[in-house]
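So the structure is just underneath, and the comments pick up after that.
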Amino acid sequence: MTAISDASSFNSVPTQRAHDTYSSLIEQEEETASAGLSLPTGQSSVPIFSDGNATIALSPPAVDALQLAQFMKNLGVSMFNASSLYATRWTEDRNEASTLAKLISDIAMQEKKQLNTLRDLLHRSGGRDVPACRYLLPSNTTDLVSLLGAFKSVELGVFMSLSESLPPSDTSASILLSSIASVAAKQNALLRTYTNRNASIESFDTPSSDTWAYNVALEFVQPGSCPLELPLPILPMLTMNNKTAGYASPGANATFSWDVAGRSAASRSGKPLFVAWVNQVGLPVFTSLTTLGDGMGTTRVPLGLSGTAFAVLTAQPGLRTIDELTDATLAGPVVVSL
Numbered sequence: 629m630t631a632i633s634d635a636s637s638f639n640s641v642p643t644q645r646a647h648d649t650y651s652s653l654i655e656q657e658e659e660t661a662s663a664g665l666s667l668p669t670g671q672s673s674v675p676i677f678s679d680g681n682a683t684i685a686l687s688p689p690a691v692d693a694l695q696l697a698q699f700m701k702n703l704g705v706s707m708f709n710a711s712s713l714y715a716t717r718w719t720e721d722r723n724e725a726s727t728l729a730k731l732i733s734d735i736a737m738q739e740k741k742q743l744n745t746l747r748d749l750l751h752r753s754g755g756r757d758v759p760a761c762r763y764l765l766p767s768n769t770t771d772l773v774s775l776l777g778a779f780k781s782v783e784l785g786v787f788m789s790l791s792e793s794l795p796p797s798d799t800s801a802s803i804l805l806s807s808i809a810s811v812a813a814k815q816n817a818l819l820r821t822y823t824n825r826n827a828s829i830e831s832f833d834t835p836s837s838d839t840w841a842y843n844v845a846l847e848f849v850q851p852g853s854c855p856l857e858l859p860l861p862i863l864p865m866l867t868m869n870n871k872t873a874g875y876a877s878p879g880a881n882a883t884f885s886w887d888v889a890g891r892s893a894a895s896r897s898g899k900p901l902f903v904a905w906v907n908q909v910g911l912p913v914f915t916s917l918t919t920l921g922d923g924m925g926t927t928r929v930p931l932g933l934s935g936t937a938f939a940v941l942t943a944q945p946g947l948r949t950i951d952e953l954t955d956a957t958l959a960g961p962v963v964v965s966l
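With the sequence shown counted from 1, adding 628 to any position gets you our numbering.
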């Protein structure tokens, strides 16, 4: 049994549930279209929501977080703009196609507003703007629309983690990042209804490290096209059945491959290789790899995983935190929907 399908497996006929869900929730999304800029209940006003010309003091970690957020948002804007051109071809059902096109168009609008707000806060803090790169996106309707949910899972995970990592003095940046993460969760739930995936399958969202998110985004960047590169490690690429994102079945076999840089890193480690699975709020789960050749191995997807997981290649089983595992990542991550 193959654990993960290629991109064509995302091609499911949209359901009436998707249409009904979107119709009932889009009004809520429109209220948060400006990146969820309304404050959580009980929160007092902070400078980001007041005078747009006022300067604001942010710590270096907060500026770094906002720059990564802008890097991700640049890709999001490009991805959803491209998807809006193809959404009407997703299905022959005109009503379903129209509903999906409106959803993607509305999310594209939200992406632009979020990007502008991130850019504004960076500017007011004296941080350097992160210009957009040139992107290599699928031209196939199925592939492109299918990537949207995977991208939103990564965005949600890293924005959530970045928000939690900031010191209390960086309230403005923390609230903005957590607000965008909240909107991303709603967007992802709506998008998943169009691929017949259960939008409520997980009890918790899965966090991502900044390095993992950056490397997922780099997969769609034209090499050498970024005016500003972020000071984060670039990891070797890891694929599962030749894809960096896709579906997996717990308990099934999965074949992983890693590139030349990954083979060098694995060779330098001189240790047995494992796939580490990060899912929801549990500790990482490690499965041993059976080598199939240079740069390839097979393993079994752990039982008990659900929702979204990030899988990476490592030679250090037993690590307990995402930060530790990020430092020990030899290749990856793969974005896995379960």
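Glycine is no exception: its CB is placed at the ideal position from the N, C-alpha and C atoms.
Check THR745 in the structure and name its three-state DSSP category. Start at 1 with the first residue of the sequence shown, and residue 745 comes out as number 117. Correct three-state label for THR745: helix.
Would ASN870 be called buried (16 or more neighbouring beta carbons within 10 Å of its own) or exposed? Within the sequence shown, residue 870 is the residue found at index 242, counting from 1. Its Cβ having fewer than 16 others within 10 Å, ASN870 is exposed.
Does THR630 come out as helix, strand or coil in the three-state DSSP assignment? Stepping through the sequence shown from its first residue, residue 630 is reached at position 2. Below a pLDDT of 50, predicted positions are generally treated as unreliable, and THR630, at 34, falls in that range; no measurement from the model is reported.
Under 8 Å by Cβ, that's how I've got VAL940 and ALA880 pegged, so tell me the actual separation to the nearest angstrom. As a working mapping, residue 940 is identified with position 312 in the sequence shown. As a working mapping, residue 880 is identified with position 252 in the sequence shown. With 8 Å as the limit, VAL940 and ALA880 do not qualify as a contact, their Cβ atoms being about 19 Å apart.
Contact defined as beta carbons within less than 8 Å: I believe GLY898 pairs with PRO864. What is the distance between those atoms, to the nearest angstrom? The sequence position of residue 898 within the sequence shown is 270, counting from 1. The sequence position of residue 864 within the sequence shown is 236, counting from 1. Not quite, the Cβ-Cβ distance comes to about 17 Å (not below 8 Å), so this is no contact.
According to DSSP, which residues form a beta bridge with THR965? By 1-based counting over the sequence shown, the position of residue 965 is 337. A small correction: the amino acid at residue 965 is Ser; Thr does not occupy that position in the sequence shown. According to DSSP, which records beta bridges pairwise, SER965 is partnered with TYR875 and THR936.
Excluding the 5 residues preceding and the 5 following ALA959 in the sequence, name in chain order all residues of the same chain whose CB lies nearer than 8 Å to its CB. The sequence position of residue 959 within the sequence shown is 331, counting from 1. Result list for ALA959: LEU863, PRO864, MET865, LEU866, TRP886, ASP887, ALA889, GLY890, ALA893, ALA894, VAL940 and LEU941, in chain order.
Taking the straight line between their C-alpha atoms, what separation do you get for GLN944 and VAL964? Position 316 of the sequence shown, counted from the start, is the residue given in the question as residue 944. Position 336 of the sequence shown, counted from the start, is the residue given in the question as residue 964. Those two C-alpha atoms are separated by around 21 Å.
Are ASN816 and SER789 touching if we call contact CB-CB under 9 Å? Reading the sequence shown from its first residue, position 188 is the one you call residue 816. Reading the sequence shown from its first residue, position 161 is the one you call residue 789. It is not a contact, given that the beta carbons lie outside the stated cut-off.
Tell me whether PRO795 is buried or exposed, calling it buried when 16 or more other Cβ atoms sit within 10 Å of its Cβ. Taking the sequence shown and counting its residues from 1, the one referred to as residue 795 is at position 167. Exposed, since its Cβ has fewer than 16 Cβ neighbours within 10 Å.
Is the segment 838-850 touching the segment 724-733 in the sense that three or more CB pairs, one from each, lie closer than 8 Å? no
How long is the line joining the alpha carbons of LEU805 and SER791, rounded to whole angstroms? Indexing the sequence shown from 1 puts residue 805 at position 177. Indexing the sequence shown from 1 puts residue 791 at position 163. Answer to the nearest angstrom: the Cα atoms are 6 Å apart.
Beta strand (DSSP E) runs contained entirely in the segment 754-827, provided each spans 3 or more residues: none
Tell me whether the beta-carbon of VAL849 lies closer than 9 Å to the beta-carbon of CYS761. On the sequence shown, position 221 is the one that residue 849 refers to. On the sequence shown, position 133 is the one that residue 761 refers to. Yes, the Cβ-Cβ distance between VAL849 and CYS761 is below 9 Å.
Between the C-alpha atoms of SER836 and GLU847, what's the straight-line distance to the nearest angstrom? Sequence index remark: in the sequence shown, residue 836 carries index 208 (1-based). Sequence index remark: in the sequence shown, residue 847 carries index 219 (1-based). Straight-line Cα distance between these residues: approximately 16 Å.
For the beta strand (DSSP E) containing LEU696, name the first residue and the last one. Taking the first residue of the sequence shown as position 1, residue 696 is located at position 68. No beta strand (DSSP E) contains LEU696, which is instead part of the alpha helix (DSSP H) from 688-714.
How is PHE638 classed by DSSP in three states: helix, strand or coil? What you label residue 638 is simply residue 10 of the sequence shown in a count that begins at 1. Any answer about PHE638 is weak, because its pLDDT of 33 lies below 50 and its placement is not dependable; what the coordinates show is given next. The answer is helix: DSSP assigns PHE638 an H, G or I state.
Out of LEU694, SER711, LEU703 and LEU776, state which residue places its alpha-carbon closest to the alpha-carbon of PHE787. Position 159 of the sequence shown, counting from 1, holds the residue named residue 787. Answer by Cα proximity: LEU694.
Mind reading off the beta-carbon distance from ARG820 to GLY777? Whole number of angstroms is fine, and I expect it under 8 Å. Translated into positions along the sequence shown, residue 820 becomes position 192. Translated into positions along the sequence shown, residue 777 becomes position 149. Their Cβ separation, rounded to whole angstroms, is 5 Å, which keeps ARG820 and GLY777 in contact under 8 Å.
Helix, strand or coil for LEU750 per DSSP? Residue numbering aside, residue 750 sits at position 122 when the sequence shown is read from its first letter. Three-state result, LEU750: helix.
Kindly identify the DSSP beta-bridge partner or partners of ALA868. Position 240 of the sequence shown holds residue 868. The sequence shown places Met at residue 868, not Ala. DSSP, once it has assigned bridges, lists LYS871 and PHE884 as partnering MET868.
Out of PHE914, SER916, TYR763 and SER797, state which residue places its alpha-carbon closest to the alpha-carbon of VAL705. In the sequence shown, counting from the first residue as 1, residue 705 sits at position 77. Residue TYR763 is the option with its Cα nearest to VAL705.
So, for VAL674: in the same chain, excluding its five sequence neighbours on each side, which residues have a beta-carbon less than 7 Å away from its beta-carbon? Looking up residue 674 in the sequence shown gives position 46. The predicted model places VAL674 with a pLDDT of 39, which falls under 50 and marks its position as unreliable; any figure quoted below should be read in that light. Closer than 7 Å at the Cβ level, and outside the excluded window around VAL674, lie THR799, SER800 and ILE803.
What separation, rounded to the nearest whole angstrom, lies between the Cα atoms of THR915 and ILE684? Position 287 of the sequence shown, counting from 1, holds the residue named residue 915. Position 56 of the sequence shown, counting from 1, holds the residue named residue 684. In a straight line, the C-alpha of THR915 is about 46 Å away from that of ILE684.
Whole angstroms is fine: what's the gap from LEU703's alpha carbon to ALA845's? Walking along the sequence shown from the start, residue 703 turns up at place 75. Walking along the sequence shown from the start, residue 845 turns up at place 217. Using only the alpha carbons, I get a separation of about 7 Å.
LEU920 - containing beta strand (DSSP E), residue span: Locating residue 920 in the sequence shown gives position 292, counting from the first residue. Here the beta strand (DSSP E) through LEU920 covers 918-921.
Using a Cβ-Cβ cut-off of 6 Å (strictly less than) and excluding sequence neighbours within five positions of VAL909, which residues of its own chain qualify? Position 281 of the sequence shown, counting from 1, holds the residue named residue 909. PHE832.
Collapsed DSSP secondary structure at VAL674 in the structure displayed: Counting from 1 along the sequence shown, the entry for residue 674 is found at position 46. Note that VAL674 has pLDDT 39, beneath the 50 cutoff, so the model's placement of it is unreliable and the number below is only indicative. It is coil, neither helix nor strand.
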